[in-house]
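FYI, full-length UniProt numbering numbers position 3 of the sequence shown as 3, with every residue one higher than the one before it. Think of the CB as a built atom: it goes at the ideal place given N, C-alpha and C, for glycine as much as any other residue.
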Amino acid sequence: MYTTDKDKCWRCGRCAHVCPEDAIHVPVTHEKFMKAVAEVANAVTSTFELKRIIYMNFLTEMQPECDCMPIAENPVAQDQGILISDDPVAVEDTATLDILSNVDPLPGSRAKGIKKKDG
Numbered sequence: 001m002y003t004t005d006k007d008k009c010w011r012c013g014r015c016a017h018v019c020p021e022d023a024i025h026v027p028v029t030h031e032k033f034m035k036a037v038a039e040v041a042n043a044v045t046s047t048f049e050l051k052r053i054i055y056m057n058f059l060t061e062m063q064p065e066c067d068c069m070p071i072a073e074n075p076v077a078q079d080q081g082i083l084i085s086d087d088p089v090a091v092e093d094t095a096t097l098d099i100l101s102n103v104d105p106l107p108g109s110r111a112k113g114i115k116k117k118d119g
């Protein structure tokens, strides 16, 4: 049995990815997090007039983990550029996913061997 120091653990799940015995499994609960992100984004964007915000997505130095991690790994794909729009769905959901669904993972990156899936 193991214990986790909640003051030191970032709850990133990295331990599950690097365990050579595949002995650690972290339950994924993205729904609550994604709802909170949407609520915060709405709180910020609702303070601006319609079409007075631009949304940018930098498809550069794409890492397999959250950029909150203290170390960087090999990028998972070649840089694809910067996307800009006044429509967040066009930038994030449409253009970004369209581009990344047609990009091959870089050799030696953690993305190699990951199967693409819808969503």
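Among the options, which has the Cα closest to the Cα of residue i?
i: arginine 110; options: Ala90, Arg14 and Asp5; result: Arg14
i: threonine 60; options: Ile53, Ser46 and Leu100; result: Leu100
i: histidine 25; options: Ala41, Thr47 and Tyr2; result: Tyr2
Grab me the residues of residue i's own chain with a C-beta within less than 8 Å of its C-beta, minus the 5 sequence neighbours each way, in chain order.
i: valine 76; result: Met62, Gln63, Pro64, Pro105, Leu106, Ser109, Arg110 and Ala111
i: phenylalanine 33; result: none
Span of the alpha helix (DSSP H) holding residue i?
i: leucine 100; result: 97 to 100
Start and end of the beta strand (DSSP E) containing residue i?
i: isoleucine 84; result: 81 to 85
i: asparagine 57; result: 55 to 59
Give me, in chain order, the residues of the same chain whose beta-carbon lies closer than 6 Å to that of residue i; leave out the 5 immediate sequence neighbours on both sides.
i: valine 91; result: Tyr55, Asn57, Leu83 and Ser85
i: valine 103; result: Ala77
i: proline 88; result: Tyr55
i: valine 18; result: none
Leaving aside the five residues before and after residue i along the sequence, list all residues of the same chain whose C-beta is less than 7 Å from its C-beta, in chain order.
i: glycine 119; result: Because the pLDDT of glycine 119 is 49, which lies under 50, any placement of that residue in the model is unreliable, and the number read from its coordinates should be weighed accordingly. Around glycine 119: no qualifying Cβ.
i: threonine 96; result: Asn57, Leu59 and Leu83
Inset, instruction - With a floor of 4 residues, list each alpha helix (DSSP H) that falls wholly inside the UniProt domain "4Fe-4S ferredoxin-type" (1 to 29), ordered by position along the chain. - result: List check, alpha helix (DSSP H) in window: 14 to 18.
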